[in-house]
Structures are given as C-alpha cells and as structure tokens.
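To keep things clear, I will list the structure first and then write my remarks on it.
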Amino acid sequence: MPAPVPVPSPAAAALPSASAPRTRTLHLAGDYHDASRLQAELSPLLSVSLEGDIIHVDLDGADYLDDNAARVLRRATLAAAQAGVTLTLAASRSGPLRFSERHLLTVRTPR
C-alpha cells in the first residue's frame, strides 16, 4: 500500500508569507513641539519593518510640527531606505504642506 501524499491545508495557503510586504500607516495627531514624540511614534514601526515593507506617514492630523520634526522625518526616511523599507509622507492640508515645502520634504498629495 503506497504512503499517503501530504496535502497542504487551504488555511495555510491563505496566510501571507513572512516575506510578503506589509503596509502600515502612521496618522499624526496633535502637536509635535519636539522630536521625542515623533521619534516615539515612528521607532516601533521602523523596528518591526522588513525589507519591502511600506510605511506611510500622514501629516494632516498634526496641528503643529516643530522644525525638529523635519529632521526626524529625514532620518527615518534614510534609515528606512537603508533597511529596504519605503517611507512616504502624505499631506493635503495647507499647514503640513507648507511645513514640507519649508523643509524640502517630498510629500505625496491625494489626487
């Protein structure tokens, strides 16, 4: 009698592989008077991201972004790129758009 052929479970086939890219969004909210709050919100996302992952940072909920926030966003974008992670900034409100223009940050706007 031949040995039974193992058949993979359909549930296992539906699970994403560990290498499947993940997309996460950080929605900023409130005031960012110093770099520490923004760093605290971005760091966990960067630390669990794998090569190919995408992190979107939505600036529209921020009421105030200190100049140090631009440095944090630049460093995070560089660190993400070095890890093979894409970090994008998004804004549609005038305040965050002016902030990004003043600090020469690349921001995508909804169409």
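Each number in the working numbering corresponds to the 1-based position in the sequence shown with 28 added. By construction, the Cβ of each residue, glycine as well, lies at the ideal position given by its N, Cα and C atoms.
Query                                                                                                 : Result
Unbroken stretches of the beta strand (DSSP E), 3 residues or longer, contained in the segment 44-101 : 51-55, 58-60, 82-86, 90-93
C-beta atoms of Leu106 and Tyr60 nearer than 9 Å                                                      : no
Whole-angstrom distance between Ala98 and Leu133, CA atom to CA atom                                  : 8 Å
Extent of the continuous alpha helix (DSSP H) to which Leu133 belongs                                 : Segment: none, Leu133 is in no alpha helix (DSSP H) and carries neither H nor E.
Inter-residue CB distance, Glu69 and Leu54 (contact presumed, cutoff 8 Å)                             : 6 Å
Proximity below 9 Å, CB of Leu56 to CB of Ala90                                                       : yes
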